[in-house]
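Only one structure is covered here, and it is reproduced in the block below.
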Amino acid sequence: MRKKGHKPLNRINTYLKNPSVLCTELESGAVLLNLETKCHYKLNQTGLRIWQLIDEFSNPIEIAQKLAEEYAVDKERTITSVVKLIKELQKEEIILLDKASKENKESEFVLVLTGDSIITRRLSAYEEEEFLSVIELIRKADIRFTNLEVLIHNYEGYPAAESHGTHMAAEPFVAKELKWVGFNLVSRANNHAMDYGIKGLMTTSKLLDEVGLAHAGVGKNLALARAPAYLDTKSGRVALISCSSTFPTFFRAGEQRRDIKGRPGLNPLRYQTTYVVDSQFMDEIKRISSLLKIPLAGSKESFKFLGSRFMVGDYPKIITTPFELDLKGNIESIKEARRQADLVLVSHHAHEANGEIGIPAEFIVTFARASIDAGADVFVGHGPHVLRGIEIYKDKPIFYSLGNFIFQFETVKFLPAEAYEDYGLESSSSPADLYRIREKKEKRKTGFSTNPIYWVSVLPQITFKNRILCEINLYPITLGFGNPIHKRGYPMLANKTLGQRIINRLKQLSLPFGTEITYEDGVGIVKIK
C-alpha cells in the first residue's frame with residue numbers, strides 16, 4: 059500500500075517514528091509493521107541502526123553523519139543511503155514528518171561572529187558608509203556575538219597588581235554602545251576579566267544586565283562562571299559557554315563548598331605543557347639539577363624541572379594538552395546546554411600558539427573538537443589578536459581565532475602606577491605619554507601599532523537550518539591601520555584589494571584543516587561539503 063504523490067524529501071526536515079509501528083528485531087535486522095495500514099518493511103542491520111538513530115537525531119543529515127562515524131564509511135554516500143531509506147519509510151507511513159519543525163521555518167538561525175572587542179569610545183558617532191555596512195550586517199543576524207575584552211566601570215575597583223598588557227577600562231556608556239552595535243551575546247572569560255578585581259568584574263556584569271546583553275564566562279564562583287548563558291530569539295534558544303586559557307592565576311574562579319564561599323573570577327580551561335627533548339639534553343638538565351641542588355620530580359624518562367615538564371623523545375617538540383579537570387567541567391557545561399537550547403556556541407580565549415602566532419596550540423585544537431563532540435554547534439576562538447584558520451569538523455565550524463573587531467586599547471582613560479613604571483615614566487606622566495612611548499618602542503619590533511595583521515579580520519555570517527550548517531560567508535574588515543590613535547580601532551568593510559589579501563591569508567591558515575575558501579564579489583565563501 060504505497061502512498062502516491064509525495065514530494066521529494068527535504069533533507070532539512072525532521073522526522074518522528076509513527077507510534078503505531080511495531081519493530082521486531084531479528085538476527086539479520088528487523089521488521090517494521092504499521093498496525094494501522096498493515097504494511098511491513100524489512101530492514102538489514104544498517105537499516106535497523108538508522109531506525110534506532112531517529113529517536114536521537116530525527117534529521118537525516120545528522121543520522122548519516124553519526125552512521126558514517128560509527129562505520130567509518132564515506133559520508134556523502136551514507137547521506138544518500140539514509141535519505142533514500144527515510145523517503146521509503148515516509149511513504150509507508152512508518153515515520154512521519156515533524157510538522158512542528160516544518161512550521162518553524164525549518165528553525166533557521168543566522169549568526170554573525172566577531173573577535174575581540176576592546177571598546178573605549180562611542181561607536182554611534184561614526185558615519186562612514188563602510189562602518190555602517192558592518193553594523194547593518196550585524197543587526198540583520200539572529201545571533202550577534204562578540205568577546206568583550208574590556209571592563210565597564212568608573213574605576214570603583216582596585217587595579218590588579220598583574221595584568222596581561224593594558225589594564226582595560228571603559229566608561230559605563232560603553233554598555234549601551236554595545237547594544238547600539240546590535241550585539242546580543244557576549245563572552246567575558248579572557249585575560250582582562252579581573253584587571254580591576256572583583257569590583258570591576260561585578261560592575262561590568264551589572265551594566266550588561268541593565269542593557270539586556272546575555273553574557274557568560276565569569277561569575278561569583280566557578281559554577282556560575284562555567285554556566286551557559288541563554289538567549290531566546292525568534293528562531294529559537296541559543297546557549298553560550300565562555301572560557302579562557304590565558305590569564306593570571308588569580309583570575310580563576312573557585313568552586314563553592316558547603317562550608318566556604320567560592321571565588322569570583324573566570325571560567326578556566328588550563329593546559330599542560332611538555333617539552334620533548336633528546337637524551338643528551340635530558341642528561342644536561344639532570345646535571346644542572348645536581349649542581350644547583352634542585353630536585354627533579356618524576357621518572358627517568360619524564361620529570362618536572364623549574365616548573366616545566368620534560369620527557370625524552372626522538373625529536374624536539376612541544377606538546378600541550380587540556381587540563382583534565384577543566385576539560386571535564388566545560389564539556390559537562392556544553393552537554394547541559396545541548397539539552398536546553400537549539401544552538402550551542404563555545405567561546406574560547408587563548409593567546410597560545412604552535413610556533414607561529416597564526417597557528418593554534420595543540421590543546422586548543424583538542425578542546426575545539428571535544429566541544430563539537432559534546433554537542434556544540436559553533437566554536438569561536440579569539441585572543442591572539444590575529445586571524446587563525448577555520449576548520450569544518452563533523453560538519454560544524456571551528457574558528458580558531460577571529461582576531462580583533464574593535465581595537466581601541468590606546469584610548470583607555472586612566473592607567474595604574476605599575477603601567478607607567480614598566481615604561482620608566484614618572485608619576486606625573488599621562489596615558490598619552492605612555493601610549494606614545496609604547497608606540498615608539500614597538501617600531502623597533504613587531505608590535506600592535508606597527509604590524510597590519512592586528513588590524514584586519516573577517517566577519518563570519520553563518521546560516522544553520524535545524525542545526526545543519528548551510529552557509530558561511532566571510533566579510534573582510536579593516537580597523538584603520540596607520541591612522542592616528544584616536545581615529546583607528548573600529549571596523550569598516552575592506553575594499554576588494556585588501557579583502558582579497560585578507561581572505562588569501564585566511565585561506566592559507568585554513569588549508570591544514572582541509573577547509574576550502576573562495577573569494578567572490580568581495581566576500582569569502584567557505585565550502586560546505
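In this note's numbering, the protein residues as written are 59 to 587. Even for Gly, the Cβ is constructed at its ideal location relative to N, Cα and C. Predicted model only: the values in this text are computed from it and were never measured.
In the three-state DSSP reduction, residue 548 falls in the coil class, being neither helix nor strand. Inclusion of residue 463 and residue 515 in the CB contact set at 9 Å is warranted, their separation being smaller than that value. A distance below 6 Å between beta-carbons, with the five flanking residues on each side excluded, links residue 125 to the following residues of its chain, in chain order: 136. For residue 559, the enclosing alpha helix (DSSP H) starts and ends at 554-568. Taking all protein chains shown into account, residue 468 has 16 or more neighbouring C-beta atoms within 10 Å of its C-beta and is therefore buried. With fewer than three CB-CB distances shorter than 8 Å, the stretch 542-550 does not count as touching the stretch 526-534.
By the CB criterion at 9 Å, residue 167 and residue 294 fall inside the cutoff. When the Cα atoms are used, residue 427 and residue 451 turn out to be separated by approximately 7 Å. Our two residues, residue 525 and residue 287, have alpha carbons roughly 19 Å apart in a direct line. Under DSSP, residue 174 takes part in a beta bridge, and its partners are 205 and 462. Approximately 20 Å separates the beta-carbon atoms of residue 87 and residue 96; this is outside 8 Å, ruling out the contact.
In the DSSP annotation of this structure, the continuous segment of the alpha helix (DSSP H) that includes residue 128 starts and ends at 118-129. The residue from 213, 439, 230 and 519 with its alpha-carbon nearest to that of residue 253 is 213. When the five nearest sequence neighbours on each side are left out, the beta carbons in the same chain lying within less than 7 Å of the beta carbon of residue 409 are those of 304, 441 and 442, in order along the chain. Nearest to residue 301 by alpha-carbon distance, out of 484, 165 and 439, is 439. One thing to note: residue 169 has its Cβ within 9 Å of the Cβ of residue 199.
DSSP places residue 340 inside the alpha helix (DSSP H), whose first and last residues are 337-350.
DSSP places residue 579 outside both helix and strand once states are collapsed to three, so it counts as coil.
With a contact defined as Cβ atoms closer than 8 Å, residue 327 and residue 425 qualify at about 6 Å.
Under the three-state reduction of DSSP output, residue 585 falls in the coil class, being neither helix nor strand.
Residue nearest to residue 399 within the set 365, 231, 435 and 480 is 435 (criterion: CA-CA distance). Taking the Cβ atoms as the reference, residue 178 lies roughly 6 Å from residue 470, within the contact range of under 8 Å. Relative to residue 176, the option among 236, 215 and 142 whose CA is nearest is 236.
Assigned with DSSP and collapsed to three states, residue 422 falls in helix.
Each residue's CA atom was taken as its position, placing residue 523 and residue 221 some 42 Å apart. Secondary structure at residue 309: helix, using DSSP grouped into helix, strand and coil. Residue 216 is classed as exposed because its beta carbon has fewer than 16 other beta carbons within 10 Å across all chains shown. Under the Cβ criterion (8 Å, minimum of three pairs), the stretch 223-233 does not count as touching the stretch 384-395. For residue 553, the closest of 120, 155, 90 and 187 by C-alpha to C-alpha distance is 187. A contact between stretches requires three or more CB pairs, one per stretch, nearer than 8 Å, and the stretch 359-371 meets this requirement with the stretch 334-349. Taking each of 431, 473, 333 and 211 in turn and checking the Cα distance to residue 370, the smallest one comes out for 333.
In terms of CA proximity to residue 117, 153 leads the group 128, 98, 153 and 91. In the DSSP annotation of this structure, the continuous segment of the beta strand (DSSP E) that includes residue 530 starts and ends at 526-536. Closest by C-alpha distance to residue 383, out of 338, 316, 284 and 292, is 284. With the rule of 3 Cβ pairs closer than 8 Å, the stretch 241-255 counts as touching the stretch 304-314.
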